[in-house]
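Report on the following structure.
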Amino acid sequence: MKWCNRTAATLSFLVLLFGSLAFAASEVLTFDNDELRERYAELTFQFRCPKCQNQNVADSNAPISVDIRQKTYEMLHQGYSDQDIVDFMVDRYTEFVIYKPQMSVVTIWLWVVPAVVLLSGLILLIRMTRSRSSETVDELTDDDRDRLKTLLEDKS
């Protein structure tokens, strides 16, 4: 009976030990030269993780980021240029995957429309402020003052 308890405790310890080591695994990538390593680093910092909130692929541990890093590594070793890799990722994950999207009609509208709305609101606010300040308040006539005075005295 003692032997079973000791064996069970030892097996439980080993399962916990080696199970936690499985989660501690990290990517080990080998490069033929420093140029490929630098290109890989630049590209993975340039790509945005589609799952994470504003985090690049190099810093993310999300499974999709691991896939993007692996695909980038493979394409670099196959001789693709940086632009080919960027084009592939944009085709696969849309322009959201890159931090600096290319200028197009859509991106121009995304910048122009809010600026026009803000400028229009500012102009409208200035006009409203100026028109209010230019309004003159009419002075009360003597008859109006007497009437107001009698109304106030009647209330009290």
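Mind the numbering: the sequence shown is residues -24 to -1, 1 to 132 in mature numbering (1 follows the signal peptide of the UniProt record, and there is no 0), read in order. Even glycine gets a Cβ: it sits at the ideal position worked out from N, Cα and C.
Cutoff 7 Å; reference residue i; Cβ partners in own chain excluding five residues on either side
{"i": "Gln22", "result": "Ile74 and Tyr75"}
{"i": "Tyr69", "result": "Pro26"}
For residue i, the three-state DSSP class (helix, strand or coil)
{"i": "Phe21", "result": "helix"}
{"i": "Ala(-1)", "result": "Summary for Ala(-1): the model assigns pLDDT 49, below 50, so the residue's position carries little reliability; its value from the coordinates is reported in the next sentence. Coil at Ala(-1), not helix or strand."}
{"i": "Asn37", "result": "coil"}
{"i": "Asn30", "result": "coil"}
Neighbourhood of residue i by C-beta distance below 8 Å, restricted to the same chain and skipping five residues each side
{"i": "Thr6", "result": "none"}
{"i": "Leu116", "result": "Leu124"}
Interface flag, residue i vs chain C, CB-CB below 7 Å
{"i": "Tyr16", "result": "Absent from the structure: chain C. Only one protein chain is present."}
Inter-residue CB distance, residue i and residue j (contact presumed, cutoff 8 Å)
{"i": "Thr20", "j": "Asn32", "result": "7 Å"}
Same chain, Cβ closer than 6 Å to residue i, five either side skipped, listed in chain order
{"i": "Asp89", "result": "Strictly speaking, residue 89 in this sequence is Val, with Asp absent from that position. Within the same chain, Val89 has no close Cβ partners at all."}
Do the segment 61 to 73 and the segment 23 to 42 meet, that is, are 3 or more Cβ pairs less than 8 Å apart? The segment 61 to 73 is in contact with the segment 23 to 42.
With three or more beta-carbon pairs closer than 8 Å as the criterion, would you say the segment 44 to 60 touches the segment 7 to 19? When Cβ pairs closer than 8 Å are counted between the two stretches, the segment 44 to 60 is seen to touch the segment 7 to 19, the count reaching three or more.
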